[in-house]
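Take a look at the structure below.
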Amino acid sequence: MAEPISHVTAQMPRAKLAGLLLFFLGPAVVIYSLFSIYPLVATMALSTYTSDPSGARSFVGLANFATLLGDALWSKPFWNALGNNLIFFVVHMCVQNPVGIALAGLLSLPRVRLKGFYRTVMFLPTMLSVVIVGFSWNLILSPLWGVASGALKAVGLGSLFAPWLGLESSALVTLSLISVWQFVGIPMMLVYAALLNIPEELIDAARVDGLGQFRIFFHIKLPLVLPTISLVSVLTFVANFNAFDLIYSVKGALAGPNFATDILGTFFYRTFFGNQLQLGNPTMGAAVATVMFFIILLGLCLYLFLVQRRIRRYAF
Amino acid sequence: MTRDQRARSIGVHLVLIAYSLLAVGPILLVVMNSFKVRSAIFGSPLAPPDASTFSLIGYEKVFRSSHILLYYSNSLIVTLVSMALVLLFGAMAAWALTEYRFRGSTALALFLSIGIMVPIRLGSVAILNMMRSAGLNDTLTALVLVYVAQGLPMSIFILSEFIQQIPKDLRDAARCDGVPETRIFFEVVAPLLRPAIATVAVFTIVPIWNDLWFPLILTSSDSTHTVTLGVQQFLGQYITDWNSVLAALSMAILPVVVIYVILSRQLIAGLTSGAVK
């Protein structure tokens, strides 16, 4: 926006420009500020207060955070949720993104027919509500229905079946994989779009040099789409550290078994609204939300300073 | 094609078909079994319904014991109104940001883009307080306001890119003829944004329709529930009634799938045209 955009608007009288800006930008800026930015700031402000049973609020500075991180009653579930959230994220990074990139790579090969069909089908789960996806998989993996164990038996692996969603040791990874199944379409599409933008001449040159499709992908295409991959990673990070619906719909607010699937989103919900075990606490809820905000902010900053700056953008 | 190439091509298709099956299999399985009698759901889950196993009992129960149609209309109202406002206000703001030069325009653009990365959900505690004190608690209006605020940043971002691609001569010619700025936007620029709408829709409609969090915290009475929340609660109550559960799931899946299949070409074109780069 450095260049004068139009000589007409550059010469516009100030009052007229102000009126136009108010008309065009007013509604968007007001709604966005009021219902997005203000609540974020107000939530952070609220996290420095405490409320007594009568509802009266008093300022306590950072005491809520000290409680959250120091008091065993709070810090144990908090660290548990944070650790689980990290595992949730690592599974996405190690499974969702490589699978998405691989599918995009296959789709972008020359002369693959039915591309449109595959893309449509593979992106379908991404369009569905997490609640529906969670419940459907819950039924499929349930030992009651026997679809999953039957399918494993059919390929001779019946002995491997276990009620994965119900076991403390496997519930979190299973839920992560369900989420991966749903959202693999996003890295696939974004990377696919980036792969399509690579000029044909580059690939042709490599082919003339005698490189096979496999090496062309790893030595030419992949380095060129690294900026997209890093964008996908940061999108995955933000989405994962803000996730809630899947765990809530499959496991409920208590994130069972024995909090094995508790992540920051469900921990926040319980703190804020309460549940069978505890009363809702808005100010502590605000503190949890603030911590989540800073975790996401930290991730975004790491991305901007460590990754974004080092990535060379190729101009075609 | 040489033999080698053909073998490789078959390999590629095998992988793609296998993954496609993995992607739609679970959805098909749920929808298929929702049309079967209970004994067939358990007895032969992988078989499609036939004359002896076909049954609509699950759907009957869902219609009788839940306000599913009400939930649908709530979801529809919230999604359509939010989308219309996101598109209108988003396009207007994108136009002003790309077309007019003014002090602080870069800062304002940055301010508006915070919402792309920072989830509005983290402000929930304050949003609930605000809605309570404004008397909007448990209304669809509250949901619309939150969703518009949530959708605006991405829509402004995408629409700005589109507006920049519109030839400048077009609006300057109109200006020389003395056409007012508002008419230039609504009559010259806005109609040209039509292709962008599918792209913006991907990023606004889908998250709104599928959202569980805000209906969960902002609506409490049955009359304001959306499909996602309604189905979630229904499933929770009827967890042992497999016919109802599968029917409720299918009813929540089907509309999205139908819309997706109709729009998929545009949606995917929007996604792959580099809306997010």
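Sequence lines, in order, name chains A and B. Under the UniProt record's numbering, the letters of the first sequence match residues 1 to 316, in that order. Under the UniProt record's numbering, the letters of the second sequence match residues 1 to 277, in that order. Note that CB positions come from ideal geometry on N, CA and C, so glycine has one too.
Beta carbon proximity, residue i to chain B, threshold 8 Å
| i | result |
| --- | --- |
| A/M127 | yes |
| A/W137 | yes |
| A/V238 | yes |
| A/A286 | yes |
| A/V155 | no |
| A/V112 | yes |
| A/N275 | no |
| A/A289 | yes |
| A/L152 | no |
| A/F24 | yes |
| A/F35 | yes |
Closer than 8 Å at the beta carbon, the chain A residues around residue i
| i | result |
| --- | --- |
| B/F214 | Neighbours of B/F214 on chain A: none; closest Cβ ~11 Å, over 8 Å. |
Reduced DSSP category for residue i - H, G, I as helix; E, B as strand; rest coil
| i | result |
| --- | --- |
| B/E187 | helix |
| A/L279 | strand |
| A/R111 | coil |
| A/S58 | strand |
| A/I296 | helix |
| A/S51 | strand |
| A/F89 | helix |
| B/G25 | helix |
| B/F162 | helix |
| A/G274 | strand |
| B/F54 | strand |
Interface flag, residue i vs chain A, CB-CB below 8 Å
| i | result |
| --- | --- |
| B/E181 | yes |
| B/G230 | no |
| B/V276 | Annotation note: pLDDT 44 at B/V276 (below 50); position unreliable, no value reported. |
| B/S264 | yes |
| B/Q233 | no |
| B/P191 | no |
| B/V146 | yes |
Contact check, residue i vs residue j, beta carbons under 8 Å
| i | j | result |
| --- | --- | --- |
| B/F42 | B/S113 | no |
| A/Y118 | B/L235 | no |
| B/N74 | B/L136 | no |
| A/N64 | A/S47 | yes |
| A/F244 | A/T266 | yes |
| A/L141 | A/L165 | yes |
| B/V184 | B/A94 | It should be pointed out that residue 184 of chain B corresponds to Ile in this sequence rather than to Val. No, the Cβ-Cβ distance between B/I184 and B/A94 is not below 8 Å. |
| B/T228 | B/D138 | no |
| A/K221 | A/I198 | yes |
Euclidean distance between Cα positions of residue i and residue j
| i | j | result |
| --- | --- | --- |
| B/L70 | B/T79 | 14 Å |
| A/V225 | A/H219 | 11 Å |
| B/V81 | A/L152 | 46 Å |
| A/L202 | B/R265 | 28 Å |
| B/I127 | A/P39 | 6 Å |
| A/A2 | B/M92 | Residue placement at A/A2 is poorly supported in this model, since its pLDDT is 42, which falls under 50; the coordinates still yield a value, given next. Distance between the alpha carbons of A/A2 and B/M92 is about 20 Å. |
| A/I87 | A/I178 | 14 Å |
| A/L139 | A/S149 | 12 Å |
| B/P119 | B/P153 | 11 Å |
| B/F54 | B/W242 | 14 Å |
| B/F102 | A/Y303 | 31 Å |
| B/A23 | A/A18 | 52 Å |
| B/A134 | B/S221 | 18 Å |
| A/A194 | B/I268 | 13 Å |
| A/N275 | A/F183 | 29 Å |
| A/W137 | A/S75 | 32 Å |
| A/V307 | B/S39 | 55 Å |
Contact set between residue i and chain A, taken where Cβ atoms lie within less than 9 Å
| i | result |
| --- | --- |
| B/N210 | M127, L128, S129, V130, V131, I132, D245 |
| B/F42 | L144, W145, G146 |
Per-residue contacts from residue i into chain A (C-beta, under 7 Å)
| i | result |
| --- | --- |
| B/A23 | V121, M122, L124, P125 |
| B/Y72 | Result: empty, since nearest Cβ-Cβ is about 13 Å, beyond 7 Å. |
Interface partners of residue i on chain B, CB under 7 Å
| i | result |
| --- | --- |
| A/Y49 | Neighbours of A/Y49 on chain B: none; closest Cβ ~11 Å, over 7 Å. |
| A/M292 | L122 |
Contact set between residue i and chain B, taken where Cβ atoms lie within less than 9 Å
| i | result |
| --- | --- |
| A/L264 | Per Cβ cutoff of 9 Å: no residues; A/L264 is ~10 Å from chain B at best. |
Below-8 Å beta-carbon distance, residue i vs any chain D residue
| i | result |
| --- | --- |
| A/S169 | Protein chains in the displayed structure are A and B, and chain D is not among them. |
Contact test: residue i Cβ vs the ligand GTP heavy atom, cutoff 7 Å
| i | result |
| --- | --- |
| B/V144 | Inclusion of the ligand GTP in the displayed structure is not the case, the ligand content being empty and no account of it being possible. |
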